[in-house]
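So the structure is just underneath, and the comments pick up after that.
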Amino acid sequence: MRSVLLTVEGMSAGYSGVDVVRELDLTIDKGEVVALLGPNGAGKTTTLLALAGVLTPTSGKVRYRDAPLRGALHRRARRGISYISEQGSVFSRLTTLANLRLGPGPVEDALALFPELEPLLGRRGGLLSGGEQRMLALARSLAGKPDLLLVDELSLGLAPLIVTRLLERLRAAADAGTAVLIVEQHASQVLAVSDRGYVLRRGRLSTSGTGAELLASPDVLRSAYLGTGPG
Ligand SMILES: Nc1ncnc2c1ncn2[C@@H]1O[C@H](COP(=O)(O)OP(=O)(O)OP(=O)(O)O)[C@@H](O)[C@H]1O
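Counting from 1, one number per residue, gives the positions in the sequence shown under the UniProt record's numbering.
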């Protein structure tokens, strides 16, 4: 049976009084991977920031587990929401181990998810490669078994093989109960592990569907990448 975790109704959000996301509706069920796609500047990051509590929506309703979702990032973390920003969410002056210790779950669980981090435990976060930093952020977050994980541009600048590895871990986390909302540029790779996806264009929802439906639609993918096509 469907178990809705997050419901967004008519949410608008933006900067300095100007909305760049307008009247957005979306839902996320427990254990689903949902992709948020769209061309540059469509409003994907802004949507995540509003859901993470970094930005306050200017209108609309956001409900999480049947109660309004309010408050700042740290309060949402206590309700089981984890956010990994585009910048990486890694403390560059702290070692990998210290980064993991700051996480919400046991270090052993994080290392079980990404054993690749074991030889890097003594290295400072800022010296890790882009892919290693993303693994660290994901390992730290998933070790806390969040109910909802919001991830921005997991694959930015990474080799396809590493992206595949990260997406596999996300899929496995979702299968174990964590709902995932992921913003991505690599639309086809992320849709392959997504249950559903939403495509934004100029701040508004243009299309939505199952991962398979969106993958089968070249127009949708073109729209997601370039802002051309229908919608
Ligand atoms: N801090 C800010 N102040 C003012 N405008 C902003 C700010 N951050 C983003 N914007 C604008 O809001 C719009 C949506 O940006 P957003 O970062 O949400 O898009 P995006 O879909 O995540 O794009 P990308 O794929 O390029 O990261 C853009 O026009 C952007 O220029």
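Even glycine gets a Cβ: it sits at the ideal position worked out from N, Cα and C.
- At a cut-off of 7 Å, the beta-carbon of Thr46 counts as near ligand 1: some heavy atom of the ligand is closer than that.
- Where Glu118 is concerned, there is no enclosing beta strand (DSSP E), because DSSP gives it neither an H nor an E.
- Among the bridge pairs identified by DSSP, Ala13 is matched with Val21.
- Take Ala174, set aside five residues on each side of it, and the residues of its chain with a beta-carbon closer than 7 Å to its own are Gly31, Glu32, Val33, Val180, in chain order.
- Cβ contact annotation for Lys44 (same chain, cutoff 7 Å, sequence separation greater than five): Leu36, Gly38, Val183, Leu200, in chain order.
- In the structure shown, Ala67 adopts extended strand secondary structure according to DSSP, grouped into three states.
- According to the DSSP assignment, Thr95 belongs to no beta strand (DSSP E), since it is labelled neither H nor E.
- Judged by DSSP secondary structure, Leu200 falls within the beta strand (DSSP E) whose first and last residues are 196-201.
- Pairing Ala67 with Gly105 gives a Cβ-Cβ distance that is not under 8 Å.
- Per DSSP, Gly209 lies in no alpha helix (DSSP H); the unbroken beta strand (DSSP E) holding it starts and ends at 204-210.
- In the DSSP annotation of this structure, the continuous segment of the beta strand (DSSP E) that includes Val33 starts and ends at 33-37.
- Between Gly125 and Asn99 the beta-carbon gap is near 5 Å, inside 8 Å, which marks them as a contact.
- The region 151-183 contains, as complete beta strand (DSSP E) runs of 3+ residues, the segments 179-183 (chain order).
- The continuous beta strand (DSSP E) containing Ser82 extends over residues 81-84.
- Comparing C-alpha distances from Leu26 to each of Glu213, Thr96, Thr46, Met11 shows the shortest one belongs to Met11.
- Look at Ala42: its beta carbon is less than 7 Å from one of the heavy atoms in ligand 1.
- Judged by DSSP in its simplified three-state form, Lys61 adopts strand.
- Listed in chain order, the non-local C-beta contacts of Val151 below 6 Å within the same chain comprise Ile84, Ile182, local neighbours out to five positions each way being set aside.
- Nearest C-alpha to Arg2 among Asp195, Ser206, Ser208: Asp195.
- In the assembly as shown, Ala137 is a buried residue. Its beta-carbon has 16 or more other beta-carbons within 10 Å.
- Here the alpha carbon of Gly103 sits roughly 17 Å from the alpha carbon of Arg169.
- In the pairwise beta carbon analysis, the region 107-125 is classified as not touching the region 70-86: fewer than three pairs are separated by under 8 Å.
- Residue state for Thr56 is assigned as coil, using DSSP reduced to three classes.
- Within the same chain, and ignoring the five residues on either side of Ala50 in sequence, the residues whose Cβ sits closer than 6 Å to its Cβ are Ala13, Pro57.
- For Gly38, the Cβ falls inside the 7 Å cut-off from some heavy atom of ligand 1.
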